[in-house]
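**Q** By full-length UniProt numbering, the letter at position 264 of the sequence shown is numbered 264, and the numbering carries on one by one without gaps.
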Amino acid sequence: MGQFDQSDKYTFIEHTGRHGGVGRTGRGCVRRHVANESLRKRVAQRATLALPVVREPVFVNHVTSGDSDSDRQCSDEESPTRPEDEKPVFDRLGILSLPIGKPYDAELIEHISSRLWPGFRNRFRGSANPFPAYWLPRTVENPALYQALLFSALCHLSSRMSLAGQKPRNKGELIALETKAIMATKEQIDCSSAITTPDHLEDLLMITICLATNVQDSDQSMARDPSPFYPILASGRWLDTYGAFACHNVHWNAVLQLVEKRGGLQKIKSFGLPWVISCCLFDVPNFSSAALIMASSTLSRPPYPMLDVGGKPCTMKKYDDFVPQSIWEPTCPMGRGFTVLNDLGLADEVVKVFLALGDFSATLDAYSTGRITNINMDDMFDSRDVMMHRLLSLPSPHDFDVMTMQQRLSFPTLSNERTEANATVEIYSVCRWTAQLYGILVTFPIPRSKYARELAASRVQERISLLPGGLNNRKLLRLLLWCLVVAGASSYVKEQRKWFRARVMEIVEDLKLRSWDEVERVLLDFAWVPSVCNPAARDLWSES
């Protein structure tokens with residue numbers, strides 16, 4: 001890699017002199033924090049206590065929806081440990097000499113090593129965790145990376161305390177660490193000799209990601225937006241934490257620039273960094289860029305493929321990979337109702353996404369009802385993330401050339417092939433919006449779902465209103481029933497909800513369904529997790 005171009009200024013560094021980009025209110029908060037002698041004494045006293053023991057967590061086979069999946073992956077329950085696991089992580093690394101500036105820095109290093117990083121990958125536990133072994137030594141000669149990791153650790157610790165109902169960490173601590181990270185990064189960029197190798201550039205990428213994903217807002221609530229569904233896997237890989245954080249679009253712009261300067265995602269070699277970026281970075285309309293959670297919140301298409309920790313394409317496992325053959329149910333629907341999309345002329349690769357959604361829903365149902373145990377949660381979360389990535393990657397209806405579709409299903413009420421093809425595109429659009437809505441509420445339950453929920457429900461209503469009347473194909477009616485129930489159950493706008501229920505009852509009458517149980521059997525042909533979805537759908541069904 002050539003010499004870093006000093007003239008190429010990154011916009012994520014705010015040039016506000018010695019304050020490092022901190023506003024007047026924030027600077028006052030920092031000064032109060034520094035001046036608070038009693039706080040400093042409490043912090044120093046806490047830091048002198050023995051550091052938490054790092055133990056191999058005991059994995060709990062089955063989890064209810066109220067448990068924290070990420071916390072469970074790094075549980076502190078008793079389990080057999082090797083002597084080296086009894087030491088703090090920076091002692092276990094032996095030769096590592098970290099530039100610990102304050103006593104409680106050690107607490108944050110231990111938190112990011114023994115709790116935050118293991119919460120992303122279950123198999124990286126205790127002394128087997130390669131994240132600290134790879135990244136912490138790189139902080140020895142990189143103060144900006146060191147401060148950025150401390151900042152991300154403190155943000156995460158504070159958020160977990162808030163979610164647990166405890167008083168979060170002092171805001172002054174957060175702003176002080178963020179300021180140090182920004183100022184150290186400014187110094188690094190201003191010194192062109194500091195960024196001369198790919199490793200230096202990738203360190204800068206990690207720094208910027210830490211700043212982008214840990215935006216702190218004093219008025220920011222960690223509580224979830226209201227949802228009619230009861231999803232599982234809601235906290236796995238800290239989805240409930242990072243999903244509640246604001247996202248700094250200026251910093252994400254810098255990440256995009258740095259990835260491009262590096263030559264693309266596939267050129268990045270630092271351990272875990274391609275996975276972090278591919279999981280986190282997505283292009284968002286009306287926003288320059290944002291995280292996966294932000295993309296899910298705005299239902300936008302990702303620009304990068306999904307890569308695993310090793311930088312290889314991430315794959316999604318199927319129902320029969322999770323469920324033991326001894327209890328495998330051959331009659332499990334696994335989304336078979338979506339095969340009607342083949343009859344509409346949609347490409348196989350598009351239909352496979354919907355089939356995969358049904359298959360993953362069957363897996364979630366088996367997991368939530370205890371039919372599978374000893375599950376590999378890394379595979380489960382990988383499948384969850386890949387499924388959401390595939391849903392967001394579905395082509396827009398505008399991407400179709402309607403006259404090239406090999407349509408095998410006709411619409412007797414329409415006059416010509418073009419209007420039939422246009423009706424097909426509208427049906428696909430309804431399914432696409434419904435599947436993405438189902439994704440953010442059921443399979444990838446983001447805590448900030450309000451915007452996407454309102455957007456998707458409105459789009460489903462709008463597109464169904466454009467469909468021609470007189471549709472009498474039973475397969476299509478069953479598909480539309482699934483779309484209407486998902487969108488109607490998720491809607492909280494009174495008039496819109498009444499509209500959805502009226503359309504549901506029309507199709508129920510056309511299909512001659514007489515009870516909720518019969519409706520549920522139709523929904524199970526598509527994508528449906530009864531323990532998660534039934535309460536909301538029953539409420540819609542019982543409304544007058």
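Cβ coordinates follow ideal geometry from the N, Cα and C atoms, glycine included.
With 16 as the cutoff for other CB atoms within 10 Å, does N374 come out buried or exposed?
**A** Reading the sequence shown from its first residue, position 374 is the one you call residue 374. When all chains shown are included, N374 counts as exposed.
**Q** Looking only at DSSP bridge pairs, what is L307 linked to?
**A** Start at 1 with the first residue of the sequence shown, and residue 307 comes out as number 307. According to DSSP, which records beta bridges pairwise, L307 is partnered with P313.
**Q** Use the C-beta contact count for H111: other C-beta atoms within 10 angstroms, 16 or more gives buried, fewer gives exposed.
**A** Locating residue 111 in the sequence shown gives position 111, counting from the first residue. Under this definition H111 is a buried residue.
**Q** Taking C-beta to C-beta, are V460 and T434 nearer than 8 Å?
**A** Numbered from its first residue, the sequence shown carries residue 460 at position 460. Numbered from its first residue, the sequence shown carries residue 434 at position 434. Going by C-beta atoms, V460 is nearer than 8 Å to T434.
**Q** Under 6 Å Cβ to Cβ from S108, same chain only, skipping five residues before and after it: list those, please.
**A** Taking the sequence shown and counting its residues from 1, the one referred to as residue 108 is at position 108. Correcting the residue type first, residue 108 is Leu in the shown sequence and not Ser. Result list for L108: L150, A153, L154, in chain order.
**Q** Mark N142 as exposed unless 16 or more other C-beta atoms lie within 10 angstroms of its C-beta, in which case mark it buried.
**A** As a working mapping, residue 142 is identified with position 142 in the sequence shown. With 16 or more Cβ atoms within 10 Å of its Cβ, N142 is classed as buried.
**Q** Within the chosen definition, does the segment 493-508 reach the segment 335-346 through at least 3 CB pairs nearer than 8 Å?
**A** With a cut-off of 8 Å, the segment 335-346 and the segment 493-508 do not count as touching, because too few Cβ pairs lie within range.
**Q** Please go through the same chain and pick out, in chain order, the residues whose beta-carbon is closer than 8 Å to the beta-carbon of R384, but skip the five residues on each side of it.
**A** Your numbering for residue 384 matches position 384 in the sequence shown. Cβ within range, chain order: L233, G236, F360, T443, F444.
**Q** Please confirm if the segment 474-482 is in contact with the segment 510-526, defined as three or more CB-CB distances below 8 Å between the two stretches.
**A** Yes, they touch.
**Q** Just the C-alpha distance for L471 and V340, rounded to the nearest angstrom, thanks.
**A** Start at 1 with the first residue of the sequence shown, and residue 471 comes out as number 471. Start at 1 with the first residue of the sequence shown, and residue 340 comes out as number 340. The straight-line gap from Cα to Cα measures roughly 14 Å.
**Q** If I follow the unbroken alpha helix (DSSP H) through W499, where does it start and stop?
**A** Locating residue 499 in the sequence shown gives position 499, where the first residue counts as 1. Residues 494-510.
**Q** Can you give me the start and stop residues for the alpha helix (DSSP H) that E188 sits inside?
**A** Within the sequence shown, the letter at position 188 stands for residue 188. It is Gln, not Glu, that sits at residue 188 in the sequence shown. Segment 171-190, the alpha helix (DSSP H) holding Q188.
**Q** Taking C-alpha atoms, which residue in M388, S158, D399 lies nearest to P305?
**A** In the sequence shown, residue 305 corresponds to position 305, counting from 1. With distances taken between Cα atoms, P305 lies closest to M388.
**Q** CB-CB under 7 Å to N214, same chain, minus the five flanking residues each way: which ones, in chain order?
**A** On the sequence shown, position 214 is the one that residue 214 refers to. The answer, listed in chain order, is F151, S152, C155, F245.
**Q** Under a three-way DSSP split, which group does P231 fall into?
**A** Here residue 231 refers to the residue found at position 231 when the sequence shown is read from its first residue. In this structure, P231 counts as coil in the three-state DSSP scheme.
**Q** Quick one: any contact between the segment 309-326 and the segment 481-492, if contact means 3 or more CB pairs under 8 Å?
**A** Touching, no, given that fewer than three Cβ pairs across the two stretches are closer than 8 Å.
**Q** Do the CB positions of L163 and D240 come within less than 8 Å of each other?
**A** Locating residue 163 in the sequence shown gives position 163, where the first residue counts as 1. Locating residue 240 in the sequence shown gives position 240, where the first residue counts as 1. Taking 8 Å as the Cβ cut-off, L163 and D240 qualify as a contacting pair.
**Q** By alpha-carbon positions, which one of V323, P395, F131, Y438 ends up nearest to Y367?
**A** The residue you call residue 367 lines up with position 367 of the sequence shown. Taking only the C-alpha atoms, the option nearest Y367 is V323.
**Q** If the criterion is Cβ atoms closer than 8 Å, does the pair S158 and L177 meet it?
**A** Locating residue 158 in the sequence shown gives position 158, where the first residue counts as 1. Locating residue 177 in the sequence shown gives position 177, where the first residue counts as 1. The answer is no: Cβ separation not under 8 Å.
**Q** State whether the segment 266-277 contacts the segment 202-213, with contact taken as three or more CB pairs (one from each stretch) at a distance under 8 Å.
**A** Because the criterion of three Cβ pairs below 8 Å is met, the segment 266-277 and the segment 202-213 touch.
**Q** Could you check if H398 is buried or exposed, using at least 16 other CB atoms within 10 Å of its CB as the buried criterion?
**A** On the sequence shown, residue 398 is found 398 positions in, with the first residue counted as 1. It is exposed - the Cβ of H398 has fewer than 16 other Cβ atoms within 10 Å.
**Q** Can you give the Cα-Cα distance for N307 and N170, rounded to whole angstroms?
**A** Here residue 307 refers to the residue found at position 307 when the sequence shown is read from its first residue. Here residue 170 refers to the residue found at position 170 when the sequence shown is read from its first residue. First, the residue type needs correcting, since residue 307 is Leu and not Asn in the sequence shown. Spanning the two alpha carbons is a distance of roughly 36 Å.
**Q** Measure the C-alpha to C-alpha separation of Y438 and K186 and round it to an integer number of angstroms.
**A** On the sequence shown, residue 438 is found 438 positions in, with the first residue counted as 1. On the sequence shown, residue 186 is found 186 positions in, with the first residue counted as 1. Each residue's Cα considered, the two are about 42 Å apart.
**Q** From L355 to M334, what distance separates their C-alpha atoms?
**A** As a working note, residue 355 is residue 355 in the sequence shown. As a working note, residue 334 is residue 334 in the sequence shown. Distance between the alpha carbons of L355 and M334: 7 Å.
**Q** Secondary structure at S368, three-state DSSP: helix, strand or coil?
**A** Residue 368 sits at position 368 when you count from the first residue of the sequence shown. S368 falls in the helix class under three-state DSSP.
**Q** For R115 and N122, I'd like the C-alpha separation in whole angstroms.
**A** Along the sequence shown, one-based indexing puts residue 115 at 115. Along the sequence shown, one-based indexing puts residue 122 at 122. Cα-Cα distance, rounded: 11 Å.
**Q** Alpha carbon to alpha carbon, how far is E495 from V259? Give it in angstroms, no decimals.
**A** Mapped onto the sequence shown, residue 259 falls at position 259. Mapped onto the sequence shown, residue 495 falls at position 495. The alpha-carbon atoms of V259 and E495 are separated by roughly 46 Å.
**Q** Would P468 and A423 be called neighbours here (beta carbons separated by less than 8 Å)?
**A** Position 468 of the sequence shown, counted from the start, is the residue given in the question as residue 468. Position 423 of the sequence shown, counted from the start, is the residue given in the question as residue 423. Their beta carbons are under 8 Å apart, which means P468 touches A423 by this criterion.
**Q** Hey, could you find the ends of the alpha helix (DSSP H) A457 is sitting in?
**A** Walking along the sequence shown from the start, residue 457 turns up at place 457. Its alpha helix (DSSP H) spans residues 450-465.
**Q** Whose C-alpha, out of L466, I372, N473, R453, is nearest the C-alpha of R497?
**A** Along the sequence shown, read from residue 1 onward, the residue named residue 497 stands at position 497. The residue with the shortest Cα to Cα distance from R497 is R453.
**Q** Alpha carbons only, please: which of N129, Y134, R432 is nearest the one belonging to L300?
**A** As a first step, residue 300 is located in the sequence shown; it is residue number 300 there, counting from the start. At residue 300 the sequence reads Ser, which differs from the Leu that was named. Answer by Cα proximity: R432.
**Q** From the DSSP output, in three-state form, read off A164 for me.
**A** In the sequence shown, counting from the first residue as 1, residue 164 sits at position 164. Correct three-state label for A164: coil.
**Q** How long is the line joining the alpha carbons of K261 and K267, rounded to whole angstroms?
**A** Walking along the sequence shown from the start, residue 261 turns up at place 261. Walking along the sequence shown from the start, residue 267 turns up at place 267. Each residue's alpha carbon lies about 10 Å from the other.
**Q** Can you round the beta-carbon distance between S429 and R463 to whole angstroms, since I take them to be within the 8 Å contact cut?
**A** Sequence index remark: in the sequence shown, residue 429 carries index 429 (1-based). Sequence index remark: in the sequence shown, residue 463 carries index 463 (1-based). Between R463 and S429 the Cβ distance is about 5 Å, and since that is below 8 Å, they are a contact.
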